[in-house]
Amino acid sequence: YEFCNNFEDFSVNKLHLNNNNVLFSKNRFNVSNSSAYFNEGSFLEFGDTSIFQINNISISLWIKPENLDPMVLLGKSNYDDATGEQFQMSINWPNMGFNFNIKKDGICESGIWERAFVSTDIDTKNWQMLTADFDGKYI
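Be aware that the sequence shown starts at 17, since it is given in my numbering, and climbs by one per residue.
Encoded structure:
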(Lines of atoms letter the chains of each structure in order from A and count residues from 1; the text may use other names and numbers.)
(Lines give C-alpha, C1' and ligand atoms only; values in the text may rest on other atoms or scores of the structure.)
Protein backbone atom coordinates (compact mmCIF):
# COMPACT_ATOMS: atom_id res chain seq x y z
CA TYR A 1 0.00 0.00 0.00
CA GLU A 2 1.49 3.30 -1.07
CA PHE A 3 -0.91 5.47 0.99
CA CYS A 4 -0.78 8.15 -1.71
CA ASN A 5 -3.98 9.85 -0.59
CA ASN A 6 -5.93 6.59 -0.91
CA PHE A 7 -5.98 3.07 0.53
CA GLU A 8 -5.76 1.14 -2.74
CA ASP A 9 -3.64 -1.95 -3.22
CA PHE A 10 -1.50 -1.40 -6.31
CA SER A 11 -0.40 -5.04 -6.43
CA VAL A 12 -2.04 -7.68 -8.60
CA ASN A 13 -4.14 -8.70 -5.57
CA LYS A 14 -6.23 -5.48 -5.56
CA LEU A 15 -7.08 -5.81 -1.85
CA HIS A 16 -8.29 -2.24 -1.45
CA LEU A 17 -8.85 -1.16 2.14
CA ASN A 18 -12.09 0.20 3.59
CA ASN A 19 -11.41 3.28 5.66
CA ASN A 20 -12.96 3.56 9.13
CA ASN A 21 -11.99 7.04 10.39
CA VAL A 22 -8.30 6.79 9.44
CA LEU A 23 -6.70 10.08 8.37
CA PHE A 24 -3.79 10.78 6.06
CA SER A 25 -0.63 12.27 7.50
CA LYS A 26 3.00 13.00 6.66
CA ASN A 27 5.32 10.01 6.29
CA ARG A 28 8.85 9.62 7.65
CA PHE A 29 10.15 11.81 4.78
CA ASN A 30 7.65 14.56 5.68
CA VAL A 31 5.57 13.96 2.52
CA SER A 32 1.92 14.89 3.09
CA ASN A 33 -0.94 12.40 2.61
CA SER A 34 1.42 9.43 2.36
CA SER A 35 0.91 7.62 5.65
CA ALA A 36 -2.06 6.56 7.73
CA TYR A 37 -2.86 8.23 11.05
CA PHE A 38 -4.92 6.07 13.41
CA ASN A 39 -6.72 7.55 16.36
CA GLU A 40 -8.76 5.69 18.95
CA GLY A 41 -11.25 3.39 17.25
CA SER A 42 -10.02 3.94 13.69
CA PHE A 43 -8.98 1.04 11.49
CA LEU A 44 -8.56 -0.15 7.91
CA GLU A 45 -10.09 -3.40 6.74
CA PHE A 46 -10.78 -5.64 3.78
CA GLY A 47 -12.85 -8.76 3.44
CA ASP A 48 -11.63 -12.29 3.99
CA THR A 49 -9.58 -13.73 1.17
CA SER A 50 -7.82 -17.02 0.49
CA ILE A 51 -4.60 -15.03 -0.03
CA PHE A 52 -4.23 -14.87 3.75
CA GLN A 53 -4.69 -18.60 4.39
CA ILE A 54 -0.98 -18.71 4.95
CA ASN A 55 1.69 -20.99 6.27
CA ASN A 56 4.44 -18.38 6.16
CA ILE A 57 4.47 -14.59 6.23
CA SER A 58 6.77 -11.57 6.44
CA ILE A 59 5.41 -8.22 7.57
CA SER A 60 7.15 -4.86 7.82
CA LEU A 61 5.62 -1.66 9.14
CA TRP A 62 6.93 1.84 9.72
CA ILE A 63 5.42 3.26 12.90
CA LYS A 64 5.58 6.43 14.97
CA PRO A 65 3.14 6.00 17.87
CA GLU A 66 2.03 9.05 19.84
CA ASN A 67 1.92 7.05 23.06
CA LEU A 68 2.76 3.59 24.33
CA ASP A 69 -0.74 2.43 25.09
CA PRO A 70 -1.24 -1.22 24.08
CA MET A 71 -2.33 -1.36 20.44
CA VAL A 72 -2.72 -3.82 17.62
CA LEU A 73 -0.81 -2.59 14.58
CA LEU A 74 -1.87 -5.23 12.10
CA GLY A 75 -3.90 -8.39 12.41
CA LYS A 76 -6.11 -10.82 10.60
CA SER A 77 -9.43 -11.55 12.26
CA ASN A 78 -13.02 -10.44 12.17
CA TYR A 79 -13.05 -7.00 13.80
CA ASP A 80 -16.50 -7.44 15.35
CA ASP A 81 -15.97 -10.74 17.18
CA ALA A 82 -12.34 -11.85 16.57
CA THR A 83 -13.38 -14.96 14.63
CA GLY A 84 -10.98 -16.04 11.93
CA GLU A 85 -8.01 -14.77 13.89
CA GLN A 86 -4.73 -15.82 12.37
CA PHE A 87 -1.94 -13.33 13.07
CA GLN A 88 -1.35 -10.14 15.02
CA MET A 89 1.45 -7.59 15.25
CA SER A 90 1.20 -5.25 18.23
CA ILE A 91 3.06 -3.09 20.72
CA ASN A 92 2.82 -3.32 24.49
CA TRP A 93 0.23 -6.08 24.26
CA PRO A 94 0.53 -7.28 27.03
CA ASN A 95 3.14 -4.76 28.19
CA MET A 96 5.93 -6.51 26.34
CA GLY A 97 7.40 -4.00 23.87
CA PHE A 98 6.81 -5.37 20.37
CA ASN A 99 5.22 -8.74 19.67
CA PHE A 100 4.08 -10.91 16.81
CA ASN A 101 1.60 -13.78 17.24
CA ILE A 102 0.50 -16.36 14.68
CA LYS A 103 -1.51 -19.57 14.63
CA LYS A 104 0.44 -22.37 12.97
CA ASP A 105 -0.82 -24.07 9.82
CA GLY A 106 -2.82 -20.98 8.86
CA ILE A 107 -5.75 -21.99 11.06
CA CYS A 108 -8.40 -19.37 11.63
CA GLU A 109 -9.99 -20.96 14.65
CA SER A 110 -9.56 -20.64 18.37
CA GLY A 111 -6.36 -22.31 19.34
CA ILE A 112 -2.85 -21.77 20.57
CA TRP A 113 -0.86 -18.78 19.42
CA GLU A 114 2.85 -18.97 18.63
CA ARG A 115 4.32 -15.80 20.12
CA ALA A 116 7.50 -13.78 19.79
CA PHE A 117 8.17 -10.88 22.16
CA VAL A 118 10.90 -8.29 21.89
CA SER A 119 11.40 -6.28 25.05
CA THR A 120 12.58 -3.00 23.65
CA ASP A 121 11.93 0.66 24.13
CA ILE A 122 9.54 1.90 21.49
CA ASP A 123 10.31 5.42 20.40
CA THR A 124 7.44 7.92 20.25
CA LYS A 125 9.57 10.69 18.72
CA ASN A 126 11.01 8.96 15.65
CA TRP A 127 9.84 6.62 12.91
CA GLN A 128 10.95 3.02 13.34
CA MET A 129 10.53 -0.12 11.29
CA LEU A 130 9.06 -3.26 12.82
CA THR A 131 9.45 -6.55 10.98
CA ALA A 132 8.21 -10.06 11.74
CA ASP A 133 8.79 -13.27 9.82
CA PHE A 134 7.25 -16.73 10.19
CA ASP A 135 8.62 -19.53 8.02
CA GLY A 136 5.93 -22.08 8.88
CA LYS A 137 7.80 -23.36 11.90
CA TYR A 138 9.71 -20.53 13.60
CA ILE A 139 9.06 -16.85 14.24
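Even glycine gets a Cβ: it sits at the ideal position worked out from N, Cα and C.
Can residue i and residue j be called in contact, C-beta distance under 8 angstroms?
i: T140; j: L89; result: no
i: L33; j: F62; result: yes
i: S41; j: C20; result: no
i: Q102; j: I128; result: no
i: I73; j: F150; result: yes
i: I138; j: P86; result: no
i: N37; j: G57; result: yes
i: I75; j: T147; result: yes
With a 10 Å radius around its C-beta and 16 neighbouring C-beta atoms as the bar for buried, classify residue i as buried or exposed.
i: N46; result: exposed
i: F116; result: buried
i: M105; result: buried
i: I79; result: buried
i: K30; result: exposed
i: K92; result: buried
Where DSSP assigns a beta bridge to residue i, which residues make up the other side?
i: D149; result: S74
i: S106; result: V88, N115
i: I79; result: Q144
i: E130; result: I118
Inside the segment 23–74 only - beta strand (DSSP E) runs reaching at least 3 residues: For secondary structure counted as the beta strand (DSSP E) over 3 or more consecutive residues, the segment 23–74 holds these complete runs in sequence order: 34–36, 39–41, 51–53, 59–61.
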